[in-house]
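First the structure, in the form of structure tokens, and then the observations on it.
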Amino acid sequence: MAVTVYIPAPFRKLTGNRSYVEGHGQTVAELLDELKTRYPALGDMLQNEAGELPAHIHIYVNNQEIYSLQGKATPLNDGDEVAVIPAIAGGQVLTPDQMLRYSRQIMIPQVGSAGQRKLLDARVLIVGAGGLGSPAAVYLAAAGVGTLGIVDSDELELSNLQRQILHHTADVGRPKVESAQETIARYNPDVRVITHRVRLTSANAMEIIAQYDMVVGAVDSFATRYLLNDASYLAGKPYIDGGVFLFEGQATVFIPGQGCYRCLFPEPPPAGMVPNPSQVGLLGVLPGVIGVIEAFEALKLILSLGESLSGRLLIFDALTMEFRQVKTRRDPRCPLCGDAPTIHELSDYEASPSSSLAGHD
Amino acid sequence: MFTIDKHYIDEMIAHARDEAPIECCGVLGGRDERVLKLYQATNAEHSRYRYNIDSQELFRINRECEENGWQFLGIYHSHPDGEAYPSPTDVERAGWPESLYLIVSLLSPGNPEVRAFRIQDGEVTEETIEIA
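Same order as they appear, the protein sequences are chains A and B.
Just so you know, we're using the numbering used here here: the first sequence kicks off at 1 and counts up by one.
Just so you know, we're using the numbering used here here: the second sequence kicks off at 362 and counts up by one.
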């Protein structure tokens, strides 16, 4: 097949100043080999040491980048126009301070400086700056997750301090998102905190969640949990869920398409079935454990590390110090993520009560 | 010495601010050392630490410049949290030696800085920007 190859300005010194050269081959790979025989210097630009196309070179067949076609196996026809254009790309490296600050995790082979850049680039929404959200936010911030969104509409109360380690005694009466932002800034100035001093509702959830890569649920009401579940699924974002009750905690991860909270519990429990969370006693260390597990799951998702809790519900019993697991799976009859879903948008969640059972705080 | 109309500088800074905290990127097309059009491009990496002009956009920008007989006089990107100087990765990936690389720094948000560099064979040379 005879094709025309467009040569852009930076490569013309390699083709005797010609903007177009003729080339031959059944596929892009054959064409590149053939070009190399006639223009060795150009061939060197289009192949790395492993003989592969370097990442910083784009190749187009009839105006389409070949990775949207069949890559180097893309077939060529007589008269096709092929273009080779160097990428316009670059990037910053970690600063010496960042290399030192994160050195204990950068030395993990599966993390490295590439993983650290992923963390700094990641955007995690934490819904709730309370008992679960506090430890989650502290560890995500310390690890250098670059953007943390914090949703909470409450002001800090003295009784919160027994477990909500994002806040300090002097903060009582202040909006929790403000004290959370200050605490995180003191831990790690690399982290940009976006405060959302609102109650999450069906009117604002999609817009807020859209700005993040994933959602960490750290809430104490069923209404908000169903809202988060539905909104995360509809937005196509992983949802990390945690909850605590007395001496027991739970954590899991819902990845869109692999099951959701409604696959486990299709509807919220009826009003009055569950106690008001603020009336149930709790040692602060319990949401500490579960919030830290949620943070770990977020880091694993960002770094593509190990196996997430997707498909498993982790149950922690603090009195026996036992972790159990229950397998979960997508329910084809799920009203949200099943085969014939009936939920296509967010609805009114406030009809269901503020409650606990599967979790709160 | 690189001469450029002030509104292009303003436009690059505005683009950097719009895209912050991620890096923005784009191309200055023109002829005879005169910038005639600024192309804002999509950063396909959507990253605070990486930029890479979307490959289909790059193709369209390059074709339009070719059709007009223009060159890529400048290639710009932003450093939302860093100084206006090419990073080692910027130097390593600089594939357009005849173009000037402009960097917009938002390190001090009220006082954005734009500097221009020639990057050839791994060597960085600063060029003075003259605002026309």
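Here a beta-carbon is modelled for each residue, glycine too, at the ideal position from N, C-alpha and C.
Query                                                                                                          : Result
Partners in chain B for Asp213 (chain A), counting only beta-carbon separations shorter than 8 Å               : Those do not exist, as Asp213 (chain A) stays about 10 Å from chain B at its closest Cβ, beyond 8 Å.
Chain A contact for Phe420 (chain B) (CB, 7 Å cutoff)                                                          : yes
Buried versus exposed, by CB contacts within 10 Å (16 or more), Gly51 (chain A)                                : exposed
Selected residue, minimal CA-CA separation from Ala477 (chain B), among B:Gly471, B:Val452, B:Ser469           : B:Val452
Per-residue contacts from Cys8 (chain A) into chain B (C-beta, under 7 Å)                                      : Inspection of the sequence shows that residue 8 (chain A) is occupied by Pro rather than by Cys. Residues of chain B passing the Cβ test: Asn423.
Bridge partner(s) assigned by DSSP for Leu148 (chain A)                                                        : A:Val124, A:Val193
Neighbour flag for Tyr102 (chain A) against chain B, beta carbons, 7 Å                                         : no
Beta carbon proximity, Ile480 (chain B) to chain A, threshold 7 Å                                              : no
Residue span of the alpha helix (DSSP H) that contains Phe296 (chain A), given as start and end                : 285-303
Host alpha helix (DSSP H) of Ser159 (chain A) (start-end)                                                      : Where Ser159 (chain A) is concerned, there is no enclosing alpha helix (DSSP H), given that its DSSP letter is neither H nor E.
Segments assigned beta strand (DSSP E), at least 3 residues, entirely inside the segment 65-122 of chain A     : 81-86, 89-91
Residue-level contact to chain A via CB, Ala381 (chain B), 7 Å cutoff                                          : no
Under 7 Å between C-beta atoms of Ser304 (chain A) and Glu297 (chain A)                                        : no
Opening and closing residue of the beta strand (DSSP E) in which Ile363 (chain A) lies                         : Because chain A spans 1 through 361 in this model, residue 363 (chain A) falls outside it and cannot be assessed.
Under 9 Å from the C-beta of Pro83 (chain A): neighbouring residues of chain B                                 : Reading the sequence as shown, one finds Ala at residue 83 (chain A) and not Pro. Phe420, Asn423, Arg424, listed in chain order.
Chain A contact for Thr489 (chain B) (CB, 7 Å cutoff)                                                          : no
6 Å CB neighbourhood of Val82 (chain A) in its chain, flanking five on each side removed                       : Val3, Val5, Val61
Residue from A:Asp44, A:Pro266, A:Phe245 whose Cα sits closest to the Cα of Ser278 (chain A)                   : A:Phe245
Contacting residues, own chain, Cβ-Cβ under 7 Å from Glu372 (chain B) (five flanking each side not counted)    : Leu399
Listed by chain order, chain A residues near Ser408 (chain B) by CB distance under 8 Å                         : Gly91, Arg117, Asp121
CB contact flag (Gly483 (chain B), Leu463 (chain B), <7 Å)                                                     : no
Proximity test, Cβ basis, 7 Å: His58 (chain A) and chain B                                                     : yes
Cβ neighbour criterion (16 or more within 10 Å) applied to Gly133 (chain A)                                    : buried
For His376 (chain B), three-class secondary structure by DSSP                                                  : helix
For Ile184 (chain A) and Val193 (chain A), believed in contact at Cβ under 8 Å, the rounded distance           : 5 Å
Neighbour flag for Ala50 (chain A) against chain B, beta carbons, 7 Å                                          : no
Three or more C-beta pairs below 8 Å linking the segment 122-138 of chain A and the segment 206-222 of chain A : yes
Cutoff 7 Å; reference Asp415 (chain B); Cβ partners in own chain excluding five residues on either side        : Ala402, Thr403, Ala405
Gly249 (chain A) beta carbon near the ligand MG (any heavy atom closer than 6 Å)                               : As for the ligand MG, it is missing from this structure, which has no ligand bound.
First and last residue of the uninterrupted beta strand (DSSP E) at Arg392 (chain B)                           : 386-392
Range covered by the alpha helix (DSSP H) that runs through Asn429 (chain B)                                   : 416-429
Within chain B, the residues that Arg18 (chain A) reaches when beta carbons sit closer than 7 Å                : Residues of chain B passing the Cβ test: none, with the nearest at roughly 14 Å.
Exposure label - Met214 (chain A); buried when at least 16 CB within 10 Å                                      : buried
C-beta atoms of Gly445 (chain B) and Thr364 (chain B) nearer than 7 Å                                          : The sequence shown places Ala at residue 445 (chain B), not Gly. Result no, Cβ atoms of Ala445 (chain B) and Thr364 (chain B) do not sit closer than 7 Å.
Supposed close pair Ile293 (chain A), Leu314 (chain A) - CB separation, criterion 8 Å                          : 7 Å
C-beta contact flag for Glu248 (chain A) and Asp317 (chain A) at 7 Å                                           : yes
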